[in-house]
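There are 2 protein chains.
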Amino acid sequence: MRRQTVTLKDVARAANVSPSTASQALSGTGRMTEATRRAVVEAAQKLNYRPNAVAQGLRTGSVRSIGLHHLHAGDRFASDYFREFVTGVLDGTQRADYDLTLLSSNPQVPRNRVPRVDGVIIADPIADDLRARQLLDSGLPVVAGEHPPDGMPDCPVIAADHAGALRQILDRAAAHGVRRPAFVGPDANSGWGVLLRAEFERWCADQGLPGATGESRFGDLSVAEHRRVIGELLAREPATDLLVLSSEPIVQGALTALEAAGRRVGSDVLLACCGDSPTLAMTAPPTTAVDLHPRALGMACAELLIRLVEHDAEPPEAPVLLPAEVRWRASLPGGARVPLG
Amino acid sequence: MRRQTVTLKDVARAANVSPSTASQALSGTGRMTEATRRAVVEAAQKLNYRPNAVAQGLRTGSVRSIGLHHLHAGDRFASDYFREFVTGVLDGTQRADYDLTLLSSNPQVPRNRVPRVDGVIIADPIADDLRARQLLDSGLPVVAGEHPPDGMPDCPVIAADHAGALRQILDRAAAHGVRRPAFVGPDANSGWGVLLRAEFERWCADQGLPGATGESRFGDLSVAEHRRVIGELLAREPATDLLVLSSEPIVQGALTALEAAGRRVGSDVLLACCGDSPTLAMTAPPTTAVDLHPRALGMACAELLIRLVEHDAEPPEAPVLLPAEVRWRASLPGGARVPLG
DNA sequence: GGCCATTGACGAATCGATTTGGCAGTCCCT
DNA sequence: AGGGACTGCCAAATCGATTCGTCAATGGCC
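Heads up: the protein sequence lines correspond to chains C and Y, in order. Residues 1 to 341 in full-length UniProt numbering are what the first sequence lists, from first letter to last. Residues 1 to 341 in full-length UniProt numbering are what the second sequence lists, from first letter to last.
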C-alpha cells in the first residue's frame, strides 16, 4: 500500500509540539501562542505537508466530493443534454470547491461499497437501475435531476417544466388547426417519458381530440429503430398532422420516416421535440424544440445537494420546477398560423 | 457529521463474533468454520451492511477512484476532443470498477488537501497551471494525456502522434505545390503547441521553404480573436498558400479571415487542422484534419494509470505515441494534385 | 499420558487526521 | 496566602475498517 509521505505527526515532531496542537495550529482553532502557531505552519510548509483527505474524510464525515450517477454515463456524453447537465453540475460543485465523482455505473452489477461522496445527484433516474436504487437506500443525501419513475423511493427532485412547455406547443399546434396529434416517447422506465405522455393525453382529452402515441425503447439512440416506430405510427394513423417527440435522436428517425411517407414537415405535418439540441436548429426545416436549460438544471442540483449536505437543510417537499423555453422554428412556427394539409 | 448507519461492529455484534472475524468472513480471508462465515454474511445482509469506502481507503491505501485534472474542465466539455477523451477515460475506469473524480480545477487557487484518489490523469497539461504542478509533486501516480510543456516535472505520457500526422499533411501539401506554408497554434504554454510548431519549422527547414507562424492564446475559443490573428498573418504574408491550424476553433476564424481576404480555400490556399471535430466535415469546403482518436487516448491513459496503481508497474520511459489519422477533405485533398494559385 | 500441529476466533495495532477534556502554570485580586 | 480565571499545550478517544500475532481448544500420534 502507498503510504503518505509527510503526515501531521511529522509536522508536529518538526515543530516540537504534539499532533493535536499541530492540527489546531493549521486549522486556526485551539489556544496557543502566535509563536507556536507560526512554528507549526512553517514546519508544514518546509516539509510540504498536505493533509490526507481520506483521513480527514473518515474523521469529519465529509470528503468534499459529490457523486454523479447516470445510467451508462459512458455512452451518454454523446448527448448534448447530458453534457450540458454535467457542465452545470461541475460549475456548481467547483464553485463550492467540491470534486465531482462520476460513479461507476454498470446497472447490472450492484455495488458493494458505499461511495466516498457526501451526496449523490442522480441524473435522469430510470426505473430498473439497481445502482440508483442502492444509492437511494444508502442513507446518503440524494437529489434527482428529473422526475424519478413511479416505484422509486422518494427524494428531492429538480426538473424542467416539461408539462408547461408541452402545453405551449400543443396549444400553438391547435391554433394552427391540428386535429390528429401524436406523441412518441420512451416507455415507462423513464419518469420523464411517463410525465410527457400523461400530459399529452390529458391535453387531448381536454380538447376532445384523439391522441395517438408510440413508444421508443428508452436509451435506444439508433435512427433506424426510431424510424421504424414512427413509420408504424404513420401507417396506423395516416391522418397524423402533429408529431411531438420526446428527444432529439427520435427526430432524425421521424424526418426519415416522414420523407419516406411523402409528408412535408412544417406544412403537411407539424413537428416538435421536447428537448433541444444544436442539431435541431440545423434540420431541414429547423425543428421547434424545448430548451430545457440542462446547464441551469445541473447547477441547481449541485447547489441544492451541497446545501443539504452542509447545513442539513430541509429538502423541498415538492419537485422544484425550472422554466423551460420553447424555441419556435419552421417545423411548428410560433408566429402566424400556417395552413395545414 | 453524518454517521454511518450500519458498521462492521454492528454486523459482528449481530453475528456474535468479533469485528476482526466479521471482516475476515466478509472478505473471504482468515480461518473459521463455514457456519461462522455464513452467520456473518447473513447478518450483514439482514442489516443491509455496506462497508464505508473512506475507512477502507484509509486502511488499505486505495480508494478505487482515479482523478482527472483538466484546466477549466467546466468550460471544456464544449470541446469535442475533451468530451471524447473523458468518455474514453470513463470507459477505462469503469471497466476496472474505478470511479472517476473530476478534480476541482481553479488554476489560480492551489489546493490544500491531497485528493482522495489513487492516481491522476492530467489531460492536456498547461505550463502555468498551479494545480497540475501540485499533483505532480504530490507523490500520487500521474499519467499525462498529451505532452507536458517544458519545465514541468517528468511523468509518464501518452500522446497522439501529432508530428507524424503533421508531416503527412505537409508532404501532401508540398506535392500540391505549396511554397509558402504558415502555421498558427497556441503559445508556449501548451506542450502540444510547441511540439507542432517545432515540427513545422523543422519540416520547412528541411524543404528549404520559408515558414510563417502565428500565435493564438491558448484556451481562447473566440472566433473574432482567431480571425484577427489570421488576418494579421495574411497581411504580413500575402503569398501564403497553406494554413496549418492547431485546433478546430481557429478554423472558424481562419475561414472568415480568408473569405474577407478574397482567398478561396482548397484552390488559392490549402487548409488543414491538427485536430478533427464533426464540424470540420461540415465547413465549406470540408476541412482536412487529423483524427487524434481522443477516446482511445483517454482509455489508454486510464489503463496505464490503473496498471501503475495496482501493480506498481514500471512506467514507460518514453512517451507512448498513439497513431493519428489524417482525414483528407476538400480543403487539402489527399488524392490527385490540385492546381494551386 | 505427553507432545506437537492445527484450527477457530479474537485483541490490539494501524491508517492519518480531529476534537474533547483536563492538567499544570501564570496572573490577578482580595 | 489562597482562590478563581485564564492560558498554553497535550493525551487519549474517535472515525470504520484491515491485519498480524496470539491463544485456547481440539486432534492425532507415538
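Quick reminder that beta carbons are idealized off the backbone N, C-alpha and C, glycines included.
Tell whether a beta-carbon distance below 7 Å holds between residue i and residue j.
i, j, result
"C/Thr287", "C/Leu271", "yes"
"C/Ala330", "C/Pro278", "no"
"Y/Gly185", "Y/Ser246", "yes"
"Y/Gly298", "Y/Phe85", "yes"
"residue 342 of chain C", "C/Pro315", "Residue 342 of chain C falls outside the range modelled here, since chain C spans only 1 to 341, and no answer is possible."
"C/Arg103", "Y/Asp150", "Inspection of the sequence shows that residue 103 of chain C is occupied by Leu rather than by Arg. Result no, Cβ atoms of C/Leu103 and Y/Asp150 do not sit closer than 7 Å."
"Y/Arg327", "Y/Ala289", "yes"
"C/Gly145", "C/Cys301", "yes"
"C/Ala44", "C/Val11", "yes"
"Y/Val54", "C/Arg172", "no"
"C/Ala39", "C/Ala15", "yes"
"Y/Ala235", "Y/Ala212", "no"
"C/Trp203", "C/Leu170", "yes"
"C/Leu258", "C/Val265", "yes"
"Y/Gly119", "Y/Leu322", "no"
"residue 397 of chain Y", "Y/Glu199", "This structure does not reach residue 397 of chain Y, given that chain Y is present from 1 up to 341, and the question cannot be answered."
Candidates the options: which alpha carbon is nearest residue i's?
i, options, result
"Y/Gln168", "Y/Asp187, Y/Val244, Y/Arg264 and Y/Pro141", "Y/Val244"
"Y/Ala17", "Y/Val63, Y/Ala78, Y/Met32 and Y/Gly214", "It is Val, not Ala, that sits at residue 17 of chain Y in the sequence shown. Of the listed residues, the one whose Cα sits closest to Y/Val17 is Y/Met32."
"C/Gly214", "C/Gln56, C/Arg227 and C/Thr36", "C/Arg227"
"residue 342 of chain C", "C/Leu209, C/Thr93 and C/Arg133", "Beyond the ends of chain C as shown, which are 1 and 341, falls residue 342 of chain C; an answer cannot be given."
"Y/Leu68", "Y/Asn189, Y/Thr87, Y/Val194 and Y/Thr29", "Y/Thr87"
"Y/Arg95", "Y/Leu321, Y/Glu303, Y/Gly334 and Y/Ala313", "Y/Glu303"
"Y/Arg179", "Y/Ala198, Y/Trp192, Y/Pro153 and Y/Asp268", "Y/Asp268"
"Y/Tyr49", "Y/Leu26, Y/Glu201, Y/Gly191 and Y/Cys204", "Y/Leu26"
"C/Ala336", "C/Gly177, C/Leu135 and C/Leu71", "C/Gly177"
"C/Ala175", "C/Ala14, C/Asp118 and C/Pro333", "C/Pro333"
"Y/Arg133", "Y/Asp91, Y/Thr240, Y/His70 and Y/Thr36", "Y/His70"
"C/Arg13", "C/Glu225, C/Val41 and C/Gly30", "C/Val41"
"Y/Asp128", "Y/Pro148, Y/Ala254, Y/Gly139 and Y/Glu317", "Y/Pro148"
"Y/Asn52", "C/Pro51, C/Leu58 and C/Leu47", "C/Leu58"
"C/Ser79", "C/Leu47, C/Ala123 and C/Asp91", "C/Ala123"
Under DSSP, the alpha helix (DSSP H) around residue i begins and ends at which residues?
i, result
"C/Cys204", "Gly191 to Gln207"
"Y/Gly177", "That residue, Y/Gly177, is in no alpha helix (DSSP H); it is neither H nor E in DSSP."
"Y/Ala224", "Val223 to Arg236"
"Y/Val86", "Asp80 to Arg95"
"C/Ile126", "Element bounds for C/Ile126: n/a, residue is neither H nor E."
"Y/Ala239", "Per DSSP, Y/Ala239 belongs to no alpha helix (DSSP H) and is neither H nor E."
"Y/Gly139", "Taken as a continuous stretch (DSSP letters only), Y/Gly139 belongs to no alpha helix (DSSP H), as it is neither H nor E."
"C/Val251", "Glu248 to Ala260"
Whole angstroms are fine: how far does the CA of residue j sit from the CA of residue i?
i, j, result
"Y/Leu233", "C/Gly231", "53 Å"
"Y/Arg307", "C/Val223", "38 Å"
"C/Ala324", "C/Asp161", "6 Å"
"Y/Pro319", "Y/Ile158", "6 Å"
"C/Ala73", "Y/Gln207", "Low confidence applies to C/Ala73: its pLDDT is 48, below 50, so where it sits in the model is not reliable, and the reading given next is rough at best. The alpha-carbon atoms of C/Ala73 and Y/Gln207 are separated by roughly 48 Å."
"C/Ala188", "Y/Pro249", "41 Å"
"Y/Ser20", "C/Thr101", "31 Å"
"C/Ile121", "C/Arg217", "24 Å"
"Y/Arg131", "Y/His293", "26 Å"
"Y/Lys9", "C/Val6", "31 Å"
"C/Glu310", "Y/Arg64", "25 Å"
"C/Thr283", "C/Val142", "38 Å"
"Y/Pro238", "Y/Ala281", "27 Å"
"Y/Gly30", "C/Asp97", "42 Å"
"Y/Leu196", "Y/Met152", "18 Å"
"Y/Gly275", "C/Glu317", "48 Å"
"C/Ala313", "Y/Leu135", "34 Å"
"C/Glu34", "Y/Ser138", "29 Å"
"C/Leu47", "C/Cys273", "59 Å"
Between which two residues does the beta strand (DSSP E) carrying residue i extend?
i, result
"C/Ala212", "Ala212 to Ser216"
"C/Asp118", "Note, C/Asp118: premise wrong, no beta strand (DSSP E); not H, not E."
"C/Val143", "Val142 to Gly145"
"C/Val244", "Leu242 to Leu245"
"Y/Asp99", "Asp99 to Leu102"
"C/Val157", "Val157 to Ala160"
Practice task
Report the residue ranges of all alpha helix (DSSP H) runs contained in full by the UniProt domain "HTH lacI-type" (5–75) of chain C; include only those spanning at least 4 residues, in chain order.
Solution key: Those alpha helix (DSSP H) runs which fall completely within the UniProt domain "HTH lacI-type" (5–75) of chain C and span 4+ residues are 8–15, 19–27, 34–47 and 53–60.
Exercise for the section: Would you list, in sequence order, the uninterrupted alpha helix (DSSP H) runs of no fewer than 4 residues that lie entirely inside the segment 268–324 of chain Y? Expected result: You should have 294–311.
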